[in-house]
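Enquirer: The numbers in my numbering rise by one with no breaks, and the one at position 181 of the sequence shown is 181. Note that the Cβ used here is the ideal one computed from N, Cα and C, for glycine as well. Since we're looking at a predicted model, the values are computed, not measured. Sending over a structure as structure tokens; questions will come in a sec.
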Amino acid sequence: MGKYTQAKCRLCRREGRKLFLKGERCFSAKCPLERKGVVPPGQHGYKYMRKKVSVYGMQLREKQKVKRIYGLREAQFKKLFAIAAKNPEATGVKLLQLLETRLDNVVYRLHFAPSRSTARQLVSHGHVLVNNKKVTTASYQLKVGDVVSLKPASAKIKDVVASQQAAKDKESVAWLQKKATQGKILRIPDRHEIDEDINEQLIVEFYSR
């Protein structure tokens with residue numbers, strides 16, 4: 001099973017935007033993208049900036065960007081796209097909805113964790129309950145009406161406490177109902193409630209080649 005082990009900030013620099021992979025650090029001045037003159041990683045970073053990007057290149061970068069935002073491997077991402085393509089709804093929108101309703105992402109959206117990678121770790125370590133049953137699969141697809149909660153002891157974990165405190169000044173997600181360390185899926189998110197900076201049509205075109 002492949003796993004990215006290098007610096008996460010390199011991924012943000014490569015995509016030229018914040019992917020929010022390191023929690024609160026991404027909102028601070030420590031984020032590399034807050035500095036002037038930031039370039040893509042590697043000794044040829046400046047060349048990437050000057051090079052004209054092809055249509056295929058734009059499609060690839062959009063797919064890579066979204067895949068990295070949600071922390072998926074290529075096989076996982078491609079599998080979700082295949083599921084979305086079979087749905088009668090718009091493929092791109094359905095793909096984003098499937099990504100948003102993954103258990104690890106919902107744990108992140110409920111502010112139980114500062115980042116999706118930490119949320120994934122909470123799930124895999126058995127700290128998260130779905131309808132009062134332990135679920136350790138980060139890719140578990142949640143449905144409307146499902147209740148996600150933390151074990152009582154897990155609510156005292158340092159990262160969970162810090163994330164909950166930091167969330168007090170943040171706007172809550174409309175499609176989730178949150179109370180303390182418990183959240184409920186009220187409905188599937190609409191497209192305008194998902195990252196507006198994502199061009200899902202480019203991803204559809206990439207896999208439709």
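State the Cα-Cα distance for the pair V161 and S154, rounded to the nearest angstrom.
Expert: Start at 1 with the first residue of the sequence shown, and residue 161 comes out as number 161. Start at 1 with the first residue of the sequence shown, and residue 154 comes out as number 154. Roughly 9 Å separates the two Cα atoms.
Enquirer: Apart from the five residues on each side of it in sequence, which residues of its chain come closer than 7 Å, Cβ to Cβ, to S97?
Expert: Reading the sequence shown from its first residue, position 97 is the one you call residue 97. Inspection of the sequence shows that residue 97 is occupied by Gln rather than by Ser. So the list reads I188 and P189, once near-sequence residues are dropped.
Enquirer: Mind checking which residues open and close the beta strand (DSSP E) that includes V144?
Expert: On the sequence shown, residue 144 is found 144 positions in, with the first residue counted as 1. Careful: V144 lies outside any beta strand (DSSP E) and carries neither H nor E.
Enquirer: Assuming the contact rule is C-beta atoms closer than 8 Å, V148 and V173 should be a hit. Round their C-beta distance to whole Å, please.
Expert: As a working mapping, residue 148 is identified with position 148 in the sequence shown. As a working mapping, residue 173 is identified with position 173 in the sequence shown. About 12 Å separates the two Cβ atoms, so there is no contact after all.
Enquirer: Exposed or buried, R102, counting other C-beta atoms within 10 Å across all chains shown (16 or more means buried)?
Expert: By one-based count along the sequence shown, residue 102 stands at place 102. Classification of R102: buried, given that the 10 Å Cβ count is 16 or more.
Enquirer: Helix, strand or coil: how does DSSP classify H44 here?
Expert: For this step, residue 44 is matched to residue 44 along the sequence shown. With a pLDDT of 49 at H44, under the threshold of 50, the modelled position of this residue cannot be trusted; read the value that follows with caution. Correct three-state label for H44: coil.
Enquirer: Can you tell me whether DSSP reads L95 as helix, strand or coil?
Expert: Counted from its first residue, the sequence shown places residue 95 at position 95. Here L95 sits in helix by DSSP.
Enquirer: Find the nearest neighbour of P114 within the set K133, D146, D159 and T91, judged by alpha-carbon distance.
Expert: Counted from its first residue, the sequence shown places residue 114 at position 114. Per the Cα distances, D159.
Enquirer: So what does DSSP say about R116, is it helix, strand or coil?
Expert: Mapped onto the sequence shown, residue 116 falls at position 116. Helix, per DSSP.
Enquirer: Going by beta carbon distance, what residues of the same chain come within less than 6 Å of F206, once the five residues before and after it are set aside?
Expert: Here the question's residue 206 lines up with position 206 in the sequence shown. Cβ within range, chain order: Q59 and K63.
Enquirer: Please state if the CB of V53 and the CB of E200 are separated by a distance shorter than 9 Å.
Expert: The count along the sequence shown starts at 1 and reaches residue 200 at position 200. The count along the sequence shown starts at 1 and reaches residue 53 at position 53. No, these two residues do not count as a Cβ contact at 9 Å.
Enquirer: In terms of residue numbering, what span does the beta strand (DSSP E) encompassing V128 cover?
Expert: Position 128 of the sequence shown, counted from the start, is the residue given in the question as residue 128. From DSSP, the beta strand (DSSP E) with V128 extends over V128 to V130.
Enquirer: Taking just the CA atoms, how far does Y70 sit from T118?
Expert: Within the sequence shown, numbered from 1, the residue matching residue 118 stands at position 118. Within the sequence shown, numbered from 1, the residue matching residue 70 stands at position 70. Whole-angstrom Cα-Cα distance: 12 Å.
Enquirer: If you check the beta carbons only, do K134 and I185 fall under 9 Å apart?
Expert: Position 134 of the sequence shown, counting from 1, holds the residue named residue 134. Position 185 of the sequence shown, counting from 1, holds the residue named residue 185. Against a cut-off of 9 Å, the Cβ pair of I185 and K134 comes out as no contact.
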